[in-house]
Amino acid sequence: MRWVRHLLSLVLFAALIYFFWPLIGEVKNALTLFNNAAWIWLAVGVVVQVISYAFLTWLNVLALKPFPGKISFLRLSAVLTAMSFVQAAIPSAGASGIALRVRLLGKYGYTAESSLFSLAVETIAEAVALASIALFGVIFLLYDGRIPSTQVYMLGTIVLIASIVAWLGWRLMLNERNSFRLLGFLVKIWNKAGGRFRRLDILPLEKRLAVFRQNIRCYRTVPFWKFGAAA
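At position 25 of the sequence shown (counting the first as 1) the number is 18 in the working numbering, and the numbers step up by one without a gap.
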């Protein structure tokens, strides 16, 4: 199987050259900008970027805390950086970054469901933080008359629906009976539709779901203000 890995590496290298080859010509034009560049702003940008990734890594540490597995802060930061690079190099609506996250975190003892759920927690925390900041801007625009009240009502309705969906999903996870019923329903559909390729055994999945539900209950031990501060 070694030749398969070498072939895959060669294909990925060719794809990398294909995507970044048009940028090589721009490097020559950019060299003239270095003479007039204000390097202090480059330093400021680097510091801001480092701080941003530090807080993003902290947020992921909090999201992964309830689940079994162990990864250092720097390695987790490297995983997030790799995700950002893959998502930029291979546009796939985020699927490439998610697959890489599951793959890399799996090496440190995290299951696929814990990797995906922690990503959902990260996304929700960031969305809540951004919505809280945007609320002040909406209030100012509404007070200044620059935004119609109908748009505010529409935006509020969307936020309310998203909040209800997230709350119902959380309640479903905490409800043992409903979560196992949903799992059985999904397994039944899969075995009927795609069972010709690989049938799923519900017993191992129920065991994984039981462990997963037990782990997500540990989120109650993490103060919510930490999620807000990290986001």
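Every residue, glycine too, gets a C-beta built ideally from N, C-alpha and C.
Open item on the list: For residue 76 and residue 216, I'd like the C-alpha separation in whole angstroms.
Closed with: The alpha-carbon separation between residue 76 and residue 216 amounts to approximately 27 Å.
Open item on the list: Taking 8 Å as the limit between beta carbons, can you name the residues of its chain near residue 63, skipping five residues before and five after?
Closed with: Correct list, in chain order: 101 and 102.
TODO: Evaluate the contact criterion for the stretch 197 to 214 versus the stretch 164 to 181: three or more CB pairs, one atom per stretch, below 8 Å.
DONE: The stretch 197 to 214 vs the stretch 164 to 181: in contact.
Task: For residue 194, three-class secondary structure by DSSP - done: When DSSP states are grouped into helix, strand and coil, residue 194 belongs to the coil group.
- [ ] Please state whether DSSP places residue 139 in a helix, a strand or coil.
- [x] Three-state DSSP puts residue 139 in coil, outside helix and strand.
Open item on the list: Going by beta-carbon coordinates alone, are residue 56 and residue 114 separated by less than 8 Å?
Closed with: Against a cut-off of 8 Å, the Cβ pair of residue 114 and residue 56 comes out as a contact.
- [ ] Can you give me the Cβ contacts of residue 97 inside the same chain, cut-off strictly under 8 Å, excluding the 5 residues immediately before and after it?
- [x] Setting aside the 5 residues that flank it on each side, residue 97 is surrounded in the same chain by 72 and 75, each with a C-beta closer than 8 Å to its C-beta; the list follows chain order.
Task: Chain-order list of residues whose beta-carbon lies under 8 Å from that of residue 30 (same chain, five-residue window excluded) - done: Closer than 8 Å at Cβ, skipping near neighbours: no residue.
Task: Residue nearest to residue 223 in terms of C-alpha spacing, selected from 106, 26 and 123 - done: For the residues 106, 26 and 123, the minimum Cα distance to residue 223 belongs to 123.
Task: Option nearest residue 69 by Cα separation, candidates 81, 83, 47 and 60 - done: Distance check between residue 69 and each of 81, 83, 47 and 60 places 47 closest, using alpha-carbon atoms only.
Open item on the list: At 3 residues or longer, what runs of the beta strand (DSSP E) sit wholly inside the stretch 15 to 102?
Closed with: Within the stretch 15 to 102, no complete beta strand (DSSP E) run reaches 3 residues.
Task: residue 186, enclosing alpha helix (DSSP H) - first and last residue - done: Per DSSP, residue 186 belongs to the alpha helix (DSSP H) from 169 to 186.
Task: Straight-line gap, residue 125 to residue 107 (C-alpha atoms, nearest Å) - done: Roughly 27 Å separates the two Cα atoms.
Task: Proximity below 8 Å, CB of residue 184 to CB of residue 193 - done: Contact flag set, yes.
TODO: Can you say whether residue 60 is buried or exposed, counting buried as having 16 or more other CB atoms within 10 angstroms of its CB?
DONE: Buried, by the Cβ-count rule.
TODO: Please report how far the alpha carbon of residue 180 lies from the alpha carbon of residue 66, in whole angstroms.
DONE: Residue 66 has its alpha-carbon roughly 36 Å from the corresponding atom of residue 180.
Open item on the list: Taking the straight line between their C-alpha atoms, what separation do you get for residue 218 and residue 118?
Closed with: If you draw a straight line from the Cα of residue 218 to the Cα of residue 118, it comes to about 11 Å.
- [ ] Assign residue 196 to one of two classes, buried (16 or more other C-beta atoms within 10 Å of its C-beta) or exposed (fewer than that).
- [x] Taking a 10 Å sphere around the C-beta of residue 196, we find fewer than 16 other C-beta atoms and assign the residue as exposed.
Open item on the list: Taking only three categories from DSSP, how would you classify residue 224?
Closed with: In the structure shown, residue 224 sits in coil (DSSP, three-state: anything other than H, G, I, E or B).
TODO: Taking 8 Å as the cut-off, decide whether the C-beta atoms of residue 147 and residue 206 are in contact.
DONE: Contact annotation: residue 147 and residue 206 have beta-carbon atoms that are not nearer than 8 Å.
Open item on the list: For residue 151 and residue 157, I'd like the C-alpha separation in whole angstroms.
Closed with: Each residue's alpha carbon lies about 10 Å from the other.
Open item on the list: Can you tell me whether residue 215 is helix, strand or coil according to DSSP?
Closed with: Looking at residue 215 - three-state DSSP - the assignment turns out to be coil, as it is neither helix nor strand.
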